[in-house]
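Engineer: Right, I'll just put the structure down here and ask away after.
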Amino acid sequence: MGANTKRILIAAALAGALWLLSGYLQVAAASNVYVTRALQVLVPTPTDAQFWSWAQPWAFLALLLAGACVATVVFVVLGWVSRRGAPGFAAAWFASVAGGAVVGLFIDGIGVLGSVEVVGWRAVLYTTVDYAVVGAYWGLIQGWIPAIVASRRSANPTPAPAPTAPRWPWAVAVAALVAFAVTGTVGSSVTQAAAVEAQAQADAETQAAADQYLGMGAVPNPDAVGTATLLTAPTAVPRDPSWCTPEQASVFPGTDDGATGHRGLSIRLMNFSDAPCVVEGYPDVAFGDQNGHALNVTVERGSSFMTSDFGPQPIEVPAGGYAIAYIGWDANATAGALVASTVLTAQVPGDPRSGSTVSLDIIEGSTVKVTAWQLDELGPTDGGDG
Numbered sequence: 000m001g002a003n004t005k006r007i008l009i010a011a012a013l014a015g016a017l018w019l020l021s022g023y024l025q026v027a028a029a030s031n032v033y034v035t036r037a038l039q040v041l042v043p044t045p046t047d048a049q050f051w052s053w054a055q056p057w058a059f060l061a062l063l064l065a066g067a068c069v070a071t072v073v074f075v076v077l078g079w080v081s082r083r084g085a086p087g088f089a090a091a092w093f094a095s096v097a098g099g100a101v102v103g104l105f106i107d108g109i110g111v112l113g114s115v116e117v118v119g120w121r122a123v124l125y126t127t128v129d130y131a132v133v134g135a136y137w138g139l140i141q142g143w144i145p146a147i148v149a150s151r152r153s154a155n156p157t158p159a160p161a162p163t164a165p166r167w168p169w170a171v172a173v174a175a176l177v178a179f180a181v182t183g184t185v186g187s188s189v190t191q192a193a194a195v196e197a198q199a200q201a202d203a204e205t206q207a208a209a210d211q212y213l214g215m216g217a218v219p220n221p222d223a224v225g226t227a228t229l230l231t232a233p234t235a236v237p238r239d240p241s242w243c244t245p246e247q248a249s250v251f252p253g254t255d256d257g258a259t260g261h262r263g264l265s266i267r268l269m270n271f272s273d274a275p276c277v278v279e280g281y282p283d284v285a286f287g288d289q290n291g292h293a294l295n296v297t298v299e300r301g302s303s304f305m306t307s308d309f310g311p312q313p314i315e316v317p318a319g320g321y322a323i324a325y326i327g328w329d330a331n332a333t334a335g336a337l338v339a340s341t342v343l344t345a346q347v348p349g350d351p352r353s354g355s356t357v358s359l360d361i362i363e364g365s366t367v368k369v370t371a372w373q374l375d376e377l378g379p380t381d382g383g384d385g
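The sequence shown begins at 0 in numbering that gives the first Met the number 0 and counts up one residue at a time.
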């Protein structure tokens with residue numbers, strides 16, 4: 000192998016390596032939009048996320064063959080322009096432009112075949128050569144590097160007779176391009192099929208969850224974004240020393256009731272200590288939705304259609320006795336809505352909240368009314384809530 004052929008071979012291999020490096024740099028910087036835009040100008044490549052995101056081993060094979068195709072095309076072009084010695088710098092630079100354009104054109108063709116598989120042959124009507132242009136631009140921006148290697152003159156300036164150009168580089172280039180086209184087409188099909196299968200599986204899981212969900216409102220979404228429910232109210236009221244403490248009494252939801260277009264729910268406090276204690280004011284009430292997030296509900300003090308508020312007053316709850324308050328609201332349509340799946344209650348704002356599972360037609364944006372505490376002489380067996 001002559002010195003000129005060695006230089007051409009090294010230059011072609013360098014072109015293929017630069018092609019792969021350009022793609023890797025853009026994928027590595029994909030999380031930073033500003034760096035990515037800069038790289039698209041300074042280190043362009045048609046093989047950005049397109050091949051890197053494919054299923055294995057097709058991603059690796061397609062990338063490897065793309066680099067090999069660039070190298071073989073550059074080698075063929077350099078061999079053609081160097082029939083009488085080392086090629087000139089401009090001619091060697093043109094070889095990288097040609098190599099990038101040819102491989103980019105094949106990438107465009109692979110994209111068209113993938114589109115045909117999805118939408119049919121009408122996809123040909125929307126054929127573009129975007130990647131061919133990017134590939135040529137890549138050669139224009141980076142082709143000077145292998146061109147320096149290829150255009151170096153030998154220490155012996157005596158021109159050698161023009162050799163007969165071998166045909167094997169052309170055969171290798173054609174074989175590499177065909178292998179690249181086949182691998183790219185298969186890789187695109189396999190990746191699309193995997194994506195369709197994954198989506199079908201996700202849809203089946205979503206439907207299974209919907210079939211099993213018996214609550215109100217939309218089916219719970221584990222990927223939903225929201226604010227976590229607070230275990231204490233964001234504001235507190237000053238506590239009187241005579242009031243029941245969390246160590247003396249617990250708060251929990253009672254029974255719910257309804258009339259045409261209206262709803263009510265009792266909130267009970269049980270004094271489980273062996274001494275009386277006092278409750279006064281209004282209970283703290285909040286709601287969580289079916290996704291485990293805080294439900295945006297306006298809680299107002301006062302009476303509703305289903306409840307009567309007698310105003311705040313000190314209520315002495317005997318040992319083992321109960322106090323009761325009520326929340327009331329208007330019925331809501333729950334189809335596809337975020338609804339109250341948890342009610343969080345406390346004796347007064349600032350006390351630790353306890354959560355209980357419910358299924359209420361209180362939806363996001365609703366307004367509920369809450370009454371003040373009153374003595375519950377009948378306890379939890381009382382059959383009425385308003």
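Each residue gets a CB set at the ideal place from its N, CA and C atoms; glycine is no exception.
Going by DSSP, what residues sit across from K368 in a beta bridge?
Structural biologist: For this step, residue 368 is matched to residue 369 along the sequence shown. Beta-bridge pairing links K368 to E299 and G327.
Engineer: According to the neighbour-count rule (16 or more other Cβ atoms, all chains shown, within 10 Å of its Cβ), is N31 buried or exposed?
Structural biologist: Indexing the sequence shown from 1 puts residue 31 at position 32. The residue in question, N31, is exposed, as its Cβ has fewer than 16 Cβ neighbours within 10 Å.
Engineer: Is S150 helix, strand or coil when you go by DSSP?
Structural biologist: On the sequence shown, position 151 is the one that residue 150 refers to. Reduced to three states, the DSSP call for S150 is coil.
Engineer: Going along the chain, which residues of its own chain have a beta-carbon closer than 6 Å to the beta-carbon of A11, five neighbours each way excluded?
Structural biologist: As a position in the sequence shown, residue 11 is number 12, starting the count at 1. Once the five neighbours on either side are set aside, the close Cβ partners of A11 are A70, V73 and F74.
Engineer: Under a three-way DSSP split, which group does P282 fall into?
Structural biologist: Taking the sequence shown and counting its residues from 1, the one referred to as residue 282 is at position 283. Coil.
Engineer: Going by beta carbon distance, what residues of the same chain come within less than 7 Å of T157, once the five residues before and after it are set aside?
Structural biologist: Taking the sequence shown and counting its residues from 1, one reaches residue 157 at position 158. Low per-residue confidence applies at T157: pLDDT is 49, beneath 50, and the placement is therefore not dependable, though the value from the model is reported in the following sentence. Excluding residues within five positions, none has a Cβ falling inside 7 Å.
Engineer: Under the three-state reduction of DSSP, which class applies to G354: helix, strand or coil?
Structural biologist: Translated into positions along the sequence shown, residue 354 becomes position 355. It is a strand residue.
Engineer: Leaving out the 5 sequence neighbours to the left and right, which residues in its chain are closer than 7 Å to S150 when beta-carbon positions are compared?
Structural biologist: Walking along the sequence shown from the start, residue 150 turns up at place 151. Closer than 7 Å at the Cβ level, and outside the excluded window around S150, lie A85, P86, G87, F88 and A91.
Engineer: Can you list, in chain order, the stretches of the beta strand (DSSP E) that have 3 or more residues and sit fully within the stretch 220 to 276?
Structural biologist: Whole beta strand (DSSP E) segments, 3+ residues: 248 to 258 and 261 to 270.
Engineer: Could you tell me whether the Cβ atoms of T190 and W51 are closer together than 8 Å?
Structural biologist: Looking up residue 190 in the sequence shown gives position 191. Looking up residue 51 in the sequence shown gives position 52. No, these two residues do not count as a Cβ contact at 8 Å.
Engineer: For A248 and W242, what's the separation of their Cα atoms in angstroms?
Structural biologist: Start at 1 with the first residue of the sequence shown, and residue 248 comes out as number 249. Start at 1 with the first residue of the sequence shown, and residue 242 comes out as number 243. Using only the alpha carbons, I get a separation of about 10 Å.
Engineer: In this structure, what does DSSP give as the bridge partners for V338?
Structural biologist: For the purposes of this step, residue 338 is taken as residue 339 along the sequence shown, with counting starting at 1. Paired residues: I362.
Engineer: Kindly confirm or deny that the stretch 358 to 373 and the stretch 283 to 302 touch, where touching means at least three C-beta pairs closer than 8 Å.
Structural biologist: Touching, per the Cβ criterion.
Engineer: I'd like the list of long-range same chain contacts for Y321, defined as Cβ closer than 6 Å, with 5 residues on each side in sequence excluded.
Structural biologist: Here residue 321 refers to the residue found at position 322 of the sequence shown. Cβ within range, chain order: R267, M269, D375 and G378.
Engineer: By how many angstroms is the C-alpha of G214 removed from the C-alpha of L337?
Structural biologist: Here residue 337 corresponds to residue number 338 of the sequence shown, with the count starting at 1. Here residue 214 corresponds to residue number 215 of the sequence shown, with the count starting at 1. Straight-line Cα distance between these residues: approximately 11 Å.
Engineer: Tell me the residue span of the beta strand (DSSP E) that contains L20.
Structural biologist: Along the sequence shown, one-based indexing puts residue 20 at 21. Not the beta strand (DSSP E): L20 falls in the alpha helix (DSSP H), residues A2 to A27.
Engineer: Expressed to the nearest angstrom, what Euclidean distance is found between the alpha-carbon atoms of A135 and G99?
Structural biologist: As a first step, residue 135 must be located in the sequence shown, where it is residue number 136. As a first step, residue 99 must be located in the sequence shown, where it is residue number 100. Distance between the alpha carbons of A135 and G99 is about 5 Å.
Engineer: Check whether the Cβ atoms of V236 and P282 sit closer than 8 Å, and answer yes or no.
Structural biologist: Within the sequence shown, residue 236 is the residue found at index 237, counting from 1. Within the sequence shown, residue 282 is the residue found at index 283, counting from 1. Cβ distance not < 8 Å, so V236 and P282 don't count as in contact.
Engineer: Is the distance from the Cβ of T184 to the Cβ of L112 below 8 Å?
Structural biologist: Here residue 184 refers to the residue found at position 185 of the sequence shown. Here residue 112 refers to the residue found at position 113 of the sequence shown. Cβ atoms of T184 and L112: closer than 8 Å.
Engineer: When you compare each of A146, I106 and A203 to L176 by their alpha carbons, which one comes out closest?
Structural biologist: For the purposes of this step, residue 176 is taken as residue 177 along the sequence shown, with counting starting at 1. Ranking the options by Cα distance to L176, first place goes to I106.
Engineer: In angstroms, rounded to a whole number, what distance separates the CA positions of S303 and G327?
Structural biologist: In the sequence shown, the residue the question calls residue 303 occupies position 304. In the sequence shown, the residue the question calls residue 327 occupies position 328. So the two alpha carbons sit approximately 6 Å from each other.
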